[in-house]
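J.: Quick note, the sequences are listed as chains A and B, same order.
When the letters of the first sequence are read in order and numbered with my numbering, they come out as residues 34 to 343.
When the letters of the second sequence are read in order and numbered with my numbering, they come out as residues 488 to 772.
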Amino acid sequence: MSAKADATIMKSYEELIKQTALNDERYVVMTAENRAIIRSLPPILKERFIDTGITEQCMIGMSAGLALRGRIPIVHALATFLTLRPFEFVRTDVGIANLPVKLSSFVPGFLSDGNGPTHQAIEDVSLMRGIPGMQVFCPASNEDMLAMLPKIWASPHPSYVRINTRPTDYKHDTNFEIGKAEVVSKGKDLTFLVYGMLFDQVREAKEILEKQGLDVGLINMRSLKPVDEAAILEAAKYSKRLVTVEDHFKTGGLYTIVGEVFLKNRVMADVMPLALDERWYRPGLLSEVLEYEGFTGAKIAERAMNHELV
Amino acid sequence: MTTEKNQKLRALALKVREHIIRMSTDGGCFTGASLSCTDLIVYLYSEYLNISKENLDDPNRDYLFLSKGHDVPALYGTLVELGILEEARLKNHLKTNDHIYWHPNTNVPGIEFHSGSLGHLPAVALGVAMDCKMRKQNNKIFVITGDGELNEGSVWETMLVASAYKMNNITFVVDRNHFQANMRTEDLIPLEPLAPKFEAFGCNVKRIDGHDFVALEEAFTSLPFSDDKPNVVIVDTVRGKGLPSIEEQALRWFCNFSHDEVEQLLKELHGVEQAIITSEKLVVR
Numbered sequence: 034m035s036a037k038a039d040a041t042i043m044k045s046y047e048e049l050i051k052q053t054a055l056n057d058e059r060y061v062v063m064t065a066e067n068r069a070i071i072r073s074l075p076p077i078l079k080e081r082f083i084d085t086g087i088t089e090q091c092m093i094g095m096s097a098g099l100a101l102r103g104r105i106p107i108v109h110a111l112a113t114f115l116t117l118r119p120f121e122f123v124r125t126d127v128g129i130a131n132l133p134v135k136l137s138s139f140v141p142g143f144l145s146d147g148n149g150p151t152h153q154a155i156e157d158v159s160l161m162r163g164i165p166g167m168q169v170f171c172p173a174s175n176e177d178m179l180a181m182l183p184k185i186w187a188s189p190h191p192s193y194v195r196i197n198t199r200p201t202d203y204k205h206d207t208n209f210e211i212g213k214a215e216v217v218s219k220g221k222d223l224t225f226l227v228y229g230m231l232f233d234q235v236r237e238a239k240e241i242l243e244k245q246g247l248d249v250g251l252i253n254m255r256s257l258k259p260v261d262e263a264a265i266l267e268a269a270k271y272s273k274r275l276v277t278v279e280d281h282f283k284t285g286g287l288y289t290i291v292g293e294v295f296l297k298n299r300v301m302a303d304v305m306p307l308a309l310d311e312r313w314y315r316p317g318l319l320s321e322v323l324e325y326e327g328f329t330g331a332k333i334a335e336r337a338m339n340h341e342l343v
Numbered sequence: 488m489t490t491e492k493n494q495k496l497r498a499l500a501l502k503v504r505e506h507i508i509r510m511s512t513d514g515g516c517f518t519g520a521s522l523s524c525t526d527l528i529v530y531l532y533s534e535y536l537n538i539s540k541e542n543l544d545d546p547n548r549d550y551l552f553l554s555k556g557h558d559v560p561a562l563y564g565t566l567v568e569l570g571i572l573e574e575a576r577l578k579n580h581l582k583t584n585d586h587i588y589w590h591p592n593t594n595v596p597g598i599e600f601h602s603g604s605l606g607h608l609p610a611v612a613l614g615v616a617m618d619c620k621m622r623k624q625n626n627k628i629f630v631i632t633g634d635g636e637l638n639e640g641s642v643w644e645t646m647l648v649a650s651a652y653k654m655n656n657i658t659f660v661v662d663r664n665h666f667q668a669n670m671r672t673e674d675l676i677p678l679e680p681l682a683p684k685f686e687a688f689g690c691n692v693k694r695i696d697g698h699d700f701v702a703l704e705e706a707f708t709s710l711p712f713s714d715d716k717p718n719v720v721i722v723d724t725v726r727g728k729g730l731p732s733i734e735e736q737a738l739r740w741f742c743n744f745s746h747d748e749v750e751q752l753l754k755e756l757h758g759v760e761q762a763i764i765t766s767e768k769l770v771v772r
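As structure tokens, then:
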């Protein structure tokens with residue numbers, strides 16, 4: 034079944050994972066007691082649904098053991114507890130052996146809204162992309178994610194996906210390819226590079242700026258590793274300014290990735306980072322957080338124009 | 488166990504110990520920890536586990552995971568004696584033209600998974616055990632941990648989970664040599680009473696003399712200890728076993744002997760005369 038066909042049939046993460054596992058015995062679903070969006074699966078997948086309790090280190094080690102036996106574990110936990118708590122297990126058991134363990138992280142970035150800094154996974158992209166062989170994906174919406182996951186899960190590589198079940202009215206290109214960005218539009222004045230749930234905020238920002246007469250590009254950087262170097266370089270050629278937007282520390286995420294691409298290709302460009310600079314974000318309801326931290330459409334538009342380039 | 492079998496095992500263990508001593512120079516290795524688990528590894532590979540040169544890729548084989556990876560010289564030596572690893576490769580110890588180094592890796596035939604960082608392979612082995620159970624296969628899954636390794640919380644997470652899932656096809660063997668790197672365990676992070684700890688985590692436990700092949704056979708041939716609990720075998724051992732010069736010496740953890748000391752220690756191993764060892768103690772590794 035093609036990724037496109039899957040995406041048109043599946044309406045939810047849970048439905049996709051169910052069909053994937055029912056169609057292919059290799060898939061097992063693991064969780065460290067985070068069942069919210071996979072709650073119907075235990076009676077359907079039976080012993081292929083493995084809840085290890087709140088034991089992230091053990092869960093990751095087990096996922097490596099299951100993968101050694103030919104299984105493809107899809108592994109769930111809150112993003113911080115999937116990446117930080119068992120980091121060495123991901124790096125050492127999954128990474129060194131390059132096993133096809135599929136990490137699905139819940140409430141990454143701003144999506145942990147009111148939890149506070151203990152739950153803020155805003156270094157997850159940085160950490161996961163630092164592991165050789167690990168692929169990193171950040172879907173812009175539920176629909177984007179459902180179009181992406183079949184190819185990610187079918188890949189022989191380990192992967193990390195920021196799970197994003199937020200609905201959108203935007204029709205994403207469902208022909209997802211690993212390593213390819215979704216170029217929504219090109220713009221001469223500036224181009225937004227964004228991933229994850231902030232995509233829809235940036236769409237608003239783009240509309241605001243277009244009403245002011247600017248020519249604005251937008252790229253959904255849904256595949257962060259491997260990254261679409263060509264799309265980044267093309268945007269730098271076409272646009273006067275690039276703006277990276279991410280619910281992540283400024284260090285190690287998209288801003289850093291773009292910098293690495295430019296250094297490698299000896300390109301000089303004006304790049305403005307909208308990210309969290311050396312601090313955690315103020316906890317609250319998501320709408321409050323976006324407002325406070327300056328990541329609503331209006332705030333992004335304002336910041337993108339007011340920034341003094343050095 | 489017959490006397491002949493016991494003698495055969497002793498002779499095999501002696502050869503493995505010779506390999507370990509020969510690897511303890513030109514850069515050295517974790518000699519003491521390797522010597523403590525030699526009898527255990529020799530028994531498991533040569534008598535008990537369904538692992539041979541012919542079935543290394545057979546999904547029905549048994550699995551042994553060496554979680555206290557720094558004792559890998561005991562495994563290298565055993566794999567050589569069983570014909571799974573070419574003896575000539577031991578000469579490549581610490582050379583970059585091969586993969587024979589201080590911790591296990593899968594470039595060595597017979598090694599199921601890499602280790603080195605403590606507290607990892609109990610969970611990896613549990614994943615393997617769970618898959619074998621799902622497929623209704625009867626493989627035996629073994630993990631050897633150190634005793635100092637039991638400081639790691641991930642070991643106890645794994646005990647909880649193995650117990651919750653009633654995994655009686657997995658056996659955790661603790662090489663209880665009573666030392667962690669440079670200290671006696673009881674002087675640093677006391678582990679005793681150890682068997683009741685595992686029992687409290689829902690495991691069946693046996694504790695035996697890890698240098699007694701009769702005791703090893705009795706314990707392992709009675710596996711699984713029950714239908715619904717993970718198995719734990721604590722084998723009491725002596726760090727540095729076979730070499731009185733370094734036995735139970737806290738500072739003889741990592742050993743890098745001179746060539747002359749190696750020759751002396753080989754004699755000591757065979758009970759000829761005790762070696763005089765002056766090489767550096769407490770090497771940082």
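Just so it is clear, CB atoms sit at the ideal spot from N, CA and C, and this is done for glycine as well.
If you count every other CB in all the chains shown that lies within 10 Å of the CB of Q153/A, and 16 or more means buried, which is it?
T.: One-based indexing of the first sequence puts residue 153/A at position 120. Classification for Q153/A: buried.
J.: Measure how close the beta-carbons of L527/B and V660/B come, nearest whole angstrom, since I'm counting them as under 8 Å.
T.: The count along the second sequence starts at 1 and reaches residue 527/B at position 40. The count along the second sequence starts at 1 and reaches residue 660/B at position 173. About 7 Å; that satisfies the 8 Å criterion.
J.: Please report how far the alpha carbon of I598/B lies from the alpha carbon of P200/A, in whole angstroms.
T.: Position 111 of the second sequence, counted from the start, is the residue given in the question as residue 598/B. Position 167 of the first sequence, counted from the start, is the residue given in the question as residue 200/A. Taking the straight line from one Cα to the other gives about 47 Å.
J.: So the alpha helix (DSSP H) N339/A belongs to, where does it begin and stop?
T.: Your numbering for residue 339/A matches position 306 in the first sequence. Taken as a continuous stretch (DSSP letters only), the alpha helix (DSSP H) holding N339/A covers 330–339.
J.: K716/B to L710/B, Cα distance in whole Å?
T.: In the second sequence, residue 716/B corresponds to position 229, counting from 1. In the second sequence, residue 710/B corresponds to position 223, counting from 1. Whole-angstrom Cα-Cα distance: 11 Å.
J.: Contact between the region 621–636 of chain B and the region 542–551 of chain B is defined here as three or more beta-carbon pairs at a separation below 8 Å; is this criterion met?
T.: Taking 8 Å as the limit for Cβ pairs, the verdict is that the region 542–551 of chain B does touch the region 621–636 of chain B.
J.: At 9 Å on the CB atoms, spell out the chain A contacts of S641/B, in chain order.
T.: Reading the second sequence from its first residue, position 154 is the one you call residue 641/B. Those within 9 Å of S641/B in chain A are T88, Q90, C91, G94, P119, F122.
J.: When you measure from the CB of L319/A to every non-hydrogen atom of the ligand GDP, does any distance come out below 7 Å?
T.: Within the structure as shown, the ligand GDP is missing, as the structure has no ligands at all.
J.: Give the single residue among S73/A, R102/A, I87/A, Y203/A whose Cα lies nearest to the Cα of R17/A.
T.: Here chain A has residues from 34 to 343 only, and residue 17/A is not among them.
J.: Mark G250/A as exposed unless 16 or more other C-beta atoms lie within 10 angstroms of its C-beta, in which case mark it buried.
T.: Taking the first sequence and counting its residues from 1, one reaches residue 250/A at position 217. Burial call: buried.
J.: Put Q494/B into one of helix, strand or coil per three-state DSSP.
T.: Sequence index remark: in the second sequence, residue 494/B carries index 7 (1-based). Of the three classes helix, strand and coil, the one that applies to Q494/B here is helix, per DSSP.
J.: Could you confirm whether any beta carbon from chain A is found closer than 8 Å to the beta carbon of F600/B?
T.: Within the second sequence, residue 600/B is the residue found at index 113, counting from 1. Yes, its Cβ sits closer than 8 Å to a Cβ of chain A.
J.: Report the neighbours of G635/B on chain A: residues whose CB is nearer than 7 Å to its CB, in chain order.
T.: By 1-based counting over the second sequence, the position of residue 635/B is 148. Those do not exist, as G635/B stays about 18 Å from chain A at its closest Cβ, beyond 7 Å.
J.: For R336/A and C619/B, what's the separation of their Cα atoms in angstroms?
T.: For the purposes of this step, residue 336/A is identified with residue 303 of the first sequence, where counting begins at 1. For the purposes of this step, residue 619/B is identified with residue 132 of the second sequence, where counting begins at 1. Each residue's Cα considered, the two are about 56 Å apart.
J.: How would you call R772/B, buried or exposed, if buried means at least 16 neighbouring beta carbons within 10 angstroms?
T.: Taking the first residue of the second sequence as position 1, residue 772/B is located at position 285. R772/B should be labelled exposed.
J.: So which of V611/B, V595/B, R694/B has the shortest CA-CA distance to K540/B?
T.: As a working note, residue 540/B is residue 53 in the second sequence. When each option's Cα is compared against that of K540/B, the closest is V595/B.
J.: Between R299/A and chain B, is there a C-beta pair that is closer than 8 Å?
T.: Residue mapping note: residue 299/A aligns to position 266 of the first sequence, counting from 1. R299/A does not count as touching chain B.
J.: Just the Cα atoms here: how many angstroms apart are L572/B and F122/A?
T.: For the purposes of this step, residue 572/B is taken as residue 85 along the second sequence, with counting starting at 1. For the purposes of this step, residue 122/A is taken as residue 89 along the first sequence, with counting starting at 1. Their Cα atoms are separated by approximately 28 Å.
J.: Taking the alpha helix (DSSP H) that I265/A belongs to, which residues open and close that run?
T.: Translated into positions along the first sequence, residue 265/A becomes position 232. Note, I265/A: alpha helix (DSSP H), 262–271.
J.: At a Cβ threshold of 8 Å, is A484/B touching chain A?
T.: It is not possible to answer for residue 484/B, since the shown part of chain B is limited to 488 through 772.
J.: Considering only C-alpha positions, which residue in the set A302/A, V260/A, T88/A, M92/A is nearest to G614/B?
T.: As a working mapping, residue 614/B is identified with position 127 in the second sequence. Comparing Cα positions, the closest option is M92/A.
J.: From V648/B to V194/A, what distance separates their C-alpha atoms?
T.: Taking the second sequence and counting its residues from 1, one reaches residue 648/B at position 161. Taking the first sequence and counting its residues from 1, one reaches residue 194/A at position 161. Straight-line Cα distance between these residues: approximately 25 Å.
J.: Y652/B: which of L49/A, M301/A, R81/A sits nearest, CA to CA?
T.: Mapped onto the second sequence, residue 652/B falls at position 165. With distances taken between Cα atoms, Y652/B lies closest to R81/A.
J.: Comparing alpha-carbon positions, which option in F143/A, F209/A, M305/A lies nearest G317/A?
T.: For the purposes of this step, residue 317/A is identified with residue 284 of the first sequence, where counting begins at 1. Of the listed residues, the one whose Cα sits closest to G317/A is F143/A.
J.: Tell me, which residues are paired with S192/A by DSSP?
T.: Position 159 of the first sequence, counting from 1, holds the residue named residue 192/A. According to DSSP, which records beta bridges pairwise, S192/A is partnered with K135/A, Q168/A.
J.: For the alpha helix (DSSP H) containing G94/A, name the first residue and the last one.
T.: Mapped onto the first sequence, residue 94/A falls at position 61. Where G94/A is concerned, the enclosing alpha helix (DSSP H) stretches over 89–101.
J.: Could you check the C-alpha separation between T765/B and L752/B for me, to the nearest Å?
T.: Residue numbering aside, residue 765/B sits at position 278 when the second sequence is read from its first letter. Residue numbering aside, residue 752/B sits at position 265 when the second sequence is read from its first letter. Answer to the nearest angstrom: the Cα atoms are 12 Å apart.
J.: Against chain A, with Cβ distances strictly below 8 Å, would S604/B count as a contact?
T.: Residue numbering aside, residue 604/B sits at position 117 when the second sequence is read from its first letter. S604/B counts as touching chain A.
J.: For chain A, check one thing: does any of its Cβ atoms lie closer than 8 Å to the Cβ of H607/B?
T.: By 1-based counting over the second sequence, the position of residue 607/B is 120. Yes, H607/B counts as interfacial toward chain A.
J.: So, are the CB atoms of I721/B and L675/B less than 8 Å apart?
T.: As a working mapping, residue 721/B is identified with position 234 in the second sequence. As a working mapping, residue 675/B is identified with position 188 in the second sequence. For I721/B and L675/B, no; Cβs fall outside 8 Å.
J.: Can you tell me the Cα-Cα spacing of G246/A and S73/A, whole angstroms?
T.: Indexing the first sequence from 1 puts residue 246/A at position 213. Indexing the first sequence from 1 puts residue 73/A at position 40. Cα to Cα, G246/A sits roughly 49 Å from S73/A.
J.: For V648/B, return the contacting residues in chain A, with the cut-off set at a CB-CB distance below 7 Å.
T.: If you number the second sequence from 1, residue 648/B lands on position 161. In chain order: T85, G86, T88, C91.
J.: Return the CA-CA distance between W186/A and R497/B, expressed in angstroms with no decimal places.
T.: Position 153 of the first sequence, counted from the first residue, corresponds to residue 186/A. Position 10 of the second sequence, counted from the first residue, corresponds to residue 497/B. Taking the straight line from one Cα to the other gives about 50 Å.
J.: When you compare the CB of T632/B with every CB in chain A, is at least one pair closer than 8 Å?
T.: To locate residue 632/B, count along the second sequence from 1; it is residue 145. No - not a single Cβ of chain A is within 8 Å of the one on T632/B.
J.: A334/A to G163/A, Cα distance in whole Å?
T.: Residue mapping note: residue 334/A aligns to position 301 of the first sequence, counting from 1. Residue mapping note: residue 163/A aligns to position 130 of the first sequence, counting from 1. Rounded to whole angstroms, A334/A to G163/A spans 31 Å at the Cα level.
J.: Does DSSP put I155/A in a helix, a strand or coil?
T.: Position 122 of the first sequence, counted from the first residue, corresponds to residue 155/A. It is coil, neither helix nor strand.
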